[in-house]
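Line order of the protein sequences matches chains C and E.
Mind the numbering: the first sequence is residues 1 to 465 in the working numbering, read in order.
Mind the numbering: the second sequence is residues 1 to 56 in the working numbering, read in order.
Notes follow the structure.
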Amino acid sequence: MSAFGTIADLAPRLRAGDVSPVALMEETLARIASIDPGLHSYICLASDPLGAARAAEAALRRGDDVGPLHGIPIAIKDNYLTADMPTTAGTTAPGVTFPMRVSAAAARLRTAGAILIGKTRTHEYAWGTVTPPVCNPWDRGRIPGGSSGGSAAAVAAGLCVAATGSDTGGSIRIPASFCGIVGLKATFGRVSRAGIVPHSWSLDHAGPMTRSVADAAILLGVLAGRDPADPATLDAPLDDYLAATADASVSGLRVAVVRNHFFGRNQPDVEAAVERAIGWFAAGGAVVRDVTLPNLAYGLGAIFAVELASSSAYHDQALRDGRTRHFTPDVRLLVEMGRLVSGADMVKAEQFRRVLMRDYARLFEEADIVIGPTEPITAPRFADGTVRVGADGAEESVLAATWRLTYPYNLTGLPAISLPCGFDRDGLPIGLQIVARPLAETTVLRAAAAYEAAHDWKDRHPPDA
Amino acid sequence: MSDVLTVMGIDLPEAEGAALLAAYRDIAAEIAKLRMLDLSDEHPAVVFDPLGETPR
């Protein structure tokens, strides 16, 4: 069987007995043993994933088909609490411990039949886009992105069938783009964050990281829904997400391209690949038009205020008792900086979010989706503190560049997906970002599935994996 | 500048405090842009719910 099988392919074969859960798990564990010592995507494995696979196989033989993920090995980001595996949230600071209880998302996956194979590394407290020591499977001298870098690397390298991520400023979509996989952040409140270590309550999203758009739809169908344990979850009807990906077409789709902010400061190969993707939508019968959203110029200040202040509030006790001194220097600095954000700035940022949400609401009166690059760059090298962007090669810090095109959709809470749309001259993946109005995940998935089906990007895999 | 940190209750060695303020300079510049907007009539995205913790 292929090391790069998808849920959509494997699930029916598992149920039909064509694929054994035990054989699938044995192959996955063998790949982890062989490949992960060079990638470092996992921080720990479950104590007995093979035993869980045997139980899944026995259940199938009895005719007990427990759900759409029966026997599928899925990895969990290490900021999701689990009862049977420790959680570190990427920190090694002494005195920091997390409860051994299951997060809502992990519980839903297990109820759907998934086998939680292990925990994947995150940048410390989901702050940052490097995720050391995880390497990018496409080039081990490059970062996988973050903060869900371990999940992205594991999915791209065939070390699980799918994984979970969390996204506060882009942490699902950034590594998805850098590692050439699909990452979906649904509408804020669609997926419960209960039991996920908080980063910034009003910006945090949980979601799937997969090898195909259909798999993202399947996992969203499992993860989405109201949860009283997360006060931000929405009591809104759910859709048939997988159905939206079948026989998808873009004919008649109204596509907006936000020309300011998202274009002009990208690496040339990225800009060219995304323009080709836009051309594909137009050629397929979509109605494409360029728009501008001038208020995006104020977005960086707003997300800095909300994210830094919220993170410092979460870590306030650790700041006061000195535990933050043991955080890695980049994260410690960010957590300390949040204390400098004034209350007025924080509230003004929340006022600004309404303005930006209204701008997008107006845009979506005349458009079904917005498309553009997920990232202005492909994966930087570990040693790169800065990257060059735009036709003039302007220098920008890696941290600033990596979240520049993703954070607007955390401020607005809009559903956004990243999927591969090509490779640069060094063979590194490029991500396309598709966004829609609130709760229109089916629109995002339909457009993404149509684009994916017309290209072979998802069938390309890292050379050494 | 260390007085600023002291007033805000941030207790750091002098060199670390200086580094913190230096690192915050770029962020402050972005927040300064936000301050230029007149949002007086805009309700923040956060809505307080007095019934939120009250059993119904």
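Glycine included, C-beta positions come from ideal geometry on N, C-alpha and C.
Computed from a predicted structure; not experimentally measured.
Straight through space, the alpha carbons of leucine 81 (chain C) and proline 99 (chain C) are spaced by roughly 7 Å. In the three-state scheme derived from DSSP, where H, G and I count as helix and E and B as strand, leucine 29 (chain C) is classed as helix.
Its Cα nearest to that of alanine 23 (chain C), the residue C:Gly51 stands out among C:Gly51, C:Ser47 and C:Ser41. With a contact defined as Cβ atoms closer than 8 Å, glutamate 452 (chain C) and serine 212 (chain C) qualify at about 7 Å. One Cα belongs to glycine 52 (chain E), the other to serine 202 (chain C), and the distance between them is close to 16 Å. The residue from C:Leu69, C:Thr97 and C:Ser251 with its alpha-carbon nearest to that of aspartate 215 (chain C) is C:Leu69. In summary, the residues of the segment 345 to 356 of chain C whose CB is separated from some CB of chain E by less than 7 Å are Asp345, Val347, Lys348, Ala349, Glu350, Gln351, Phe352, Arg353, Arg354 and Val355, in the order they occur in the chain. The straight-line gap separating the alpha-carbon atoms of valine 7 (chain E) and serine 342 (chain C) is approximately 13 Å.
Close CB contacts of alanine 449 (chain C) within its chain, under the 6 Å cut and outside five residues either way in sequence, are with Val213, Thr245 and Ala248 (chain order). Taking 8 Å as the Cβ-Cβ cut-off, the segment 321 to 340 of chain C approaches chain E at Leu333, Glu336, Met337, Arg339 and Leu340, given in chain order. Looking from the CA of phenylalanine 281 (chain C), the closest CA among C:Pro86, C:Arg254, C:Val335 and C:Arg15 belongs to C:Arg254. Sixteen is the threshold: when 16 or more other Cβ atoms of the shown chains lie within 10 Å of the Cβ of aspartate 368 (chain C), as they do, the residue is buried. With fewer than 16 other beta carbons inside 10 angstroms of its own, methionine 36 (chain E) counts as exposed. By the rule that beta-carbons nearer than 8 Å mark a contact, leucine 51 (chain E) does not touch chain C. Within the segment 312 to 378 of chain C, the runs of alpha helix (DSSP H) that reach at least 4 residues and sit entirely inside it are, in chain order, 316 to 321, 329 to 337 and 343 to 363. In the DSSP assignment, threonine 443 (chain C) falls outside any beta strand (DSSP E) and within the unbroken alpha helix (DSSP H) covering 441 to 453. One Cα belongs to leucine 219 (chain C), the other to aspartate 38 (chain E), and the distance between them is close to 42 Å. In its chain, beyond the 5 residues on either side, Ala93 and Pro94 have a beta carbon closer than 7 Å to the beta carbon of histidine 326 (chain C). If the five residues before and after lysine 119 (chain C) are omitted, its C-beta is found closer than 6 Å to the C-beta atoms of Ile43, Cys44, Ile76, Asp78 and Met85, all from its own chain and listed in chain order. With a 10 Å radius around the Cβ and a threshold of 16 neighbouring Cβ atoms, proline 73 (chain C) comes out buried. Between the C-alpha atoms of glycine 413 (chain C) and isoleucine 278 (chain C) there is a straight-line separation of about 23 Å. With fewer than three CB-CB distances shorter than 8 Å, the segment 370 to 377 of chain C does not count as touching the segment 133 to 142 of chain C.
Separation of asparagine 295 (chain C) and glycine 322 (chain C) (C-alpha to C-alpha, rounded to the nearest whole angstrom) is 39 Å. Bounds of the alpha helix (DSSP H) holding threonine 6 (chain E) are 2 to 7. Burial state of glycine 422 (chain C) is buried, judged by a 10 Å Cβ sphere holding 16 or more other Cβ atoms. Distances from the alpha-carbon of glutamate 30 (chain E) to those of C:Gly427, C:Ala447, C:Leu356 and C:Ala349 put C:Ala349 closest. Remark: C-beta atoms of alanine 157 (chain C) and threonine 210 (chain C) do not approach each other more closely than 8 Å. For arginine 140 (chain C), the secondary structure class from DSSP, reduced to helix, strand or coil, is coil. Of all C-beta pairs linking the segment 46 to 61 of chain C to the segment 11 to 21 of chain C, three or more are shorter than 8 Å, placing the two stretches in contact. Measuring C-alpha to C-alpha distances from glycine 285 (chain C) to each of C:Ser251, C:Ala309 and C:Gly113 identifies C:Ser251 as the nearest.
Per DSSP, reduced to three states, the secondary structure at arginine 173 (chain C) is helical. Close to valine 7 (chain E), with beta-carbon spacing below 8 Å, lies no residue of chain C; the smallest spacing is near 11 Å.
Beta-bridge analysis with DSSP links glycine 431 (chain C) to C:Pro420. Taking the CA atoms as reference points, glycine 149 (chain C) sits about 14 Å from glycine 207 (chain C).
For tyrosine 409 (chain C), not one C-beta of chain E is nearer than 8 Å to its own C-beta. The closest CA to that of aspartate 359 (chain C), considering only C:Thr292, C:Thr328, C:His455 and C:Ile7, is found on C:Thr292.
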